[in-house]
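Just below is one structure, and these are the notes that go with it.
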Amino acid sequence: MSDPDQQGWKIKDQEKAFLDPLLDALTYLSKWHGNPIARDELVAGLPLPDNKLTPELFIRAAKRANLSARLLKMSLTDIQPQLLPAVLMLEQGKAAILSNISGNDAALVMLESGEGEVVMPIAELAEQFTGYVLFVKPQVKFDERTPQSLEHQAEHWFWGTLKDNWRIYRDVLVASFLISLFALASPLFVMNVYDRVVPNHAVDTLWVLAMGVCLVFVFDFVLRLMRSHFIDVAGKKSEILISARILERVMGVKLAQRPASVGAFARHLQEFDSIRDFVTSATITAVIDVPFTLLFFVIVAYLGGWMVAVPLVMALVIVGYSSWIQKPMRQAVDESGRMSSLKNATLVEALSGLETIKLTGAEGQMQHRWEQANGHIAQWSAESRRHAASVSGVATLSVQLTTVFLIIAGVYKITLGDLSMGGLIACVMLSGRALQPMAQVAQLATRYNQSRAAFTMLNEIMSLPVERPDDKRFLYRETLAGNIDLKDVRFAYPEQQNPALTDVNLSIKAGEKVGIIGRIGSGKSTLGKLITAMYEPQHGSLLLDDVDSRQLSPNHIRHVMGVVPQDVTMFYGTLRENLTLGVPWISDEQVLRAAELSGVDEFAARHPQGLDMRIAERGSNLSGGQRQAVSLARALLLDPPILVLDEPTASMDNTSEVRLKAKLQQLLADKTLILITHKASMLALVDRLIVIDQGRIVADGPKQAVQEALRSGRLQVDRES
């Protein structure tokens with residue numbers, strides 16, 4: 000490979016070289032509407048197909064710039080000038096901003112060509128126009144002076160999505176009403192046959208009634224299919240939107256609010272499946288059918304008079320018993336869910352630390368925890384099933400007793416001449432149809448409790464604070480020069496009594512090369528995490544280029560910093576995919592340059608597949624030094640103005656470290672470097688040395704002066720430094 004120092008590191012405009020017409024248009028419109036926002040902030044966390052915005056994702060991204068976007072299909076002549084500027088979707092995946100229409104001419108901003116505003120005849124533009132327009136306007140913002148009734152309430156992550164499908168559920172309601180009406184056909188048909196056709200031998204009437212009821216059955220069949228289809232469509236749409244919202248929320252949550260157990264957290268996320276099944280299954284059909292039970296009771300009362308009391312009493316028995324059993328069933332479901340979370344946490348922890356478990360012989364301990372959790376789950380699950388079985392049994396018994404008591408009562412009414420044989424049969428059939436949805440709802444009590452518990456867990460997750468709140472407007476900065484100031488900063492990790500940093504005051508100028516050393520657990524890595532916006536100071540302020548870091552987008556801060564964390568995480572995929580995490584559009588030239596600087600090229604060149612070599616989960620098929628080299632390559636890809644390196648060579652051999660150090664010295668001329676290390680050899684890269692002990696800065700000055708103080712014993716800190 001060529002020497003990167005000879006050819007230079009030419010990636011300053013790499014993002015602009017990556018063609019994304021819709022992202023260019025949105026960036027332009029955010030500035031036009033007075034709310035400029037960085038490109039990486041607009042698309043952070045969005046699932047970009049082919050690494051580009053789609054019209055649907057454009058609408059989601061626009062919200063981050065406090066813009067409301069809508070995609071419509073219309074001709075150029077129908078576009079109203081007062082709705083401009085708007086984004087025109089052109090052929091070949093291109094886009095342009097329509098800024099004005101005057102007569103037969105259109106004023107366009109062609110962002111791809113960089114020509115600025117051009118005037119083009121509408122007829123010529125129509126040849127390239129696909130017919131789709133993205134209209135963009137600023138969102139209305141209220142302040143504390145606005146009456147609360149006028150404010151737009153944020154849409155709930157679950158109910159709001161279901162509300163969006165209200166038209167579909169309206170159609171389901173209409174279909175359910177018609178199906179309930181059609182359910183009258185069968186008992187009325189039987190009643191008329193017994194009461195009129197059989198006594199009078201009216202065969203012609205029989206065939207007319209039969210054809211009519213068969214036609215009703217056909218319509219009933221079609222409506223049931225349509226209702227099932229509508230429920231599935233609404234469920235599918237809701238599932239896609241809700242699951243996307245859940246993961247987006249999880250990925251955006253603040254690290255300080257991250258749950259302690261990954262396994263339990265994953266279990267809670269999986270609980271969405273139970274909510275989805277509950278909402279999209281026959282449950283919703285049964286619930287919708289319940290109100291129509293009153294219709295059947297009215298008809299039974301019309302035909303049998305006081306006989307309607309029998310199904311009414313049985314319905315109350317079903318509802319009463321189902322309500323009474325809810326408390327113990329809820330307890331069983333909740334306990335089973337808690338133990339399932341513990342079981343899942345044990346499994347994830349065991350699989351993640353399998354090597355350590357084997358080395359320490361801790362298989363028995365993990366097995367005991369696993370079997371203990373399974374034992375509790377089996378106990379509570381059995382109790383939950385027992386309660387569910389009792390509800391089902393009571394519902395079935397009630398339906399059976401209803402039939403018996405109705406026939407007994409009907410016989411007495413028939414002997415008195417108050418009821419016909421057909422009327423009795425119709426009452427029995429209608430009562431069974433009336434109790435059917437009641438029994439179904441009662442039998443669904445277990446699934447309801449599971450869904451309720453899952454909803455509660457997910458609602459707590461969706462309420463966690465995130466790094467990019469919807470109502471937060473961050474300051475826009477193209478890049479950062481590298482000035483860093485900490486003033487009276489204090490910080491403690493969640494659920495930790497002792498602070499990790501106490502009264503830290505520190506100023507780093509752009510271009511400075513600073514080393515940070517100290518004892519294990521002294522707060523060095525914590526300081527790096529604060530600087531990279533992984534956490535926020537709980538007291539004091541952290542300024543980046545004289546701006547409080549909380550006013551800047553955390554994603555943008557990390558985008559302009561090259562960070563090597565102490566713990567390197569890799570993902571299943573190829574080496575190239577692991578190198579280009581977050582920047583999949585980067586060119587091969589830049590990947591190769593970063594690979595050469597970091598030393599990745601040395602082990603990639605020895606593999607037959609090179610950069611396409613397969614990486615196992617967590618990078619378990621790579622050595623610690625190789626994983627650190629990959630992390631360094633990630634940090635160097637975009638040539639950031641600030642580098643924060645936390646133990647970048649801790650797992651490297653001396654030869655690799657010397658080679659890396661030589662390459663970094665060529666690269667660091669105009670960059671701010673923050674180097675956290677225990678290796679004295681790496682301090683050759685820095686000019687200034689900071690010593691941290693027990694969360695406090697105990698020394699800060701020129702490297703030689705601080706090292707001399709350490710050697711002379713004036714500073715009692717880690718001698719390894």
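Numbered by numbering that gives the first Met the number 0, the letters in the sequence shown go through residues 0 to 720 in order. Just so it is clear, CB atoms sit at the ideal spot from N, CA and C, and this is done for glycine as well. Predicted, not measured: the structure shown is a model, and the values here were computed from it.
| query | result |
| --- | --- |
| Report buried or exposed for H267, applying the criterion of at least 16 other Cβ atoms within 10 angstroms of its Cβ. | buried |
| I585 by DSSP, collapsed to three states: which one? | coil |
| Using a Cβ-Cβ cut-off of 6 Å (strictly less than) and excluding sequence neighbours within five positions of L124, which residues of its own chain qualify? | A105 |
| In whole angstroms, give me the CA-to-CA distance for L667 and V513. | 12 Å |
| Assuming P536 and V488 make a contact with CB atoms under 8 Å, what is their CB distance in whole Å? | 5 Å |
| Roughly how many angstroms separate the alpha carbons of T26 and Q565, rounded to a whole number? | 35 Å |
| Within 10 Å of its beta-carbon, does W206 have 16 or more other beta-carbons around it, so buried, or fewer, so exposed? | exposed |
| With DSSP as the reference, label I507 as helix, strand or coil. | strand |
| Cα separation between K253 and N99? | 43 Å |
| Return helix, strand or coil for M109, following the three-state DSSP convention. | strand |
| What is the DSSP secondary structure of H200, reduced to helix, strand or coil? | coil |
| State the Cα-Cα distance for the pair R605 and A233, rounded to the nearest angstrom. | 53 Å |
| Kindly indicate which three-state DSSP category V465 falls into: helix, strand or coil? | strand |
| Would you mind stating whether L775 and L542 have Cβ atoms separated by less than 9 Å? | Residue 775 is absent from the model: the chain starts at 0 and stops at 720. |
| Taking 9 Å as the cut-off, decide whether the C-beta atoms of V559 and T676 are in contact. | no |
| How long is the line joining the alpha carbons of S242 and E270, rounded to whole angstroms? | 11 Å |
| Quick one: what does DSSP say F490 is sitting in, helix, strand or coil? | strand |
| Does DSSP classify N577 as helix, strand or coil? | helix |
| Please report how far the alpha carbon of Q706 lies from the alpha carbon of M456, in whole angstroms. | 52 Å |
| Along the chain, which unbroken stretches of the alpha helix (DSSP H) at least 4 residues long are found entirely within the segment 325-359? | 325-351 and 353-359 |
| Which same chain residues end up closer than 8 Å to D547 when comparing Cβ atoms and leaving out the 5 residues on each side of it in sequence? | S540 and L541 |
| Please look up how many angstroms separate the CB atoms of G624 and S586, rounded, as I've assumed it's under 8 Å. | At roughly 26 Å, the Cβ-Cβ gap does not stay under 8 Å, so G624 and S586 are not in contact. |
| Exposed or buried, what is S630 when buried is set at 16 or more other beta-carbons lying within 10 Å of its beta-carbon? | buried |
| I'd like the span of the alpha helix (DSSP H) that includes N103, first residue to last. | Premise fails: N103 is in no alpha helix (DSSP H) and is neither H nor E. |
| If you reduce the DSSP assignment to three classes, tell me which class S630 lands in. | helix |
| For the 8 Å Cβ check, are there 3 or more pairs between the segment 417-428 and the segment 322-330? | no |
| Smallest Cα separation from G392: which of Q439, A361 and F404? | Q439 |
| I need the straight-line Cα distance from Q147 to G527, nearest angstrom please. | Annotation note: pLDDT 49 at Q147 (below 50); position unreliable, coordinate value reported separately. Each residue's Cα considered, the two are about 42 Å apart. |
| Can you tell me where the alpha helix (DSSP H) with H267 in it begins and where it stops? | V261 to Q269 |
| Report the residue from S655, T671, A698 and T648 whose alpha carbon sits nearest the alpha carbon of K678. | T648 |
| Anyone know if the C-beta pair for F730 and L75 falls short of 9 Å? | As displayed, the chain neither begins before 0 nor continues past 720, which places residue 730 out of reach and without an answer. |
| Rounded to the nearest angstrom, what separates L635 and A593 at their Cα positions? | 6 Å |
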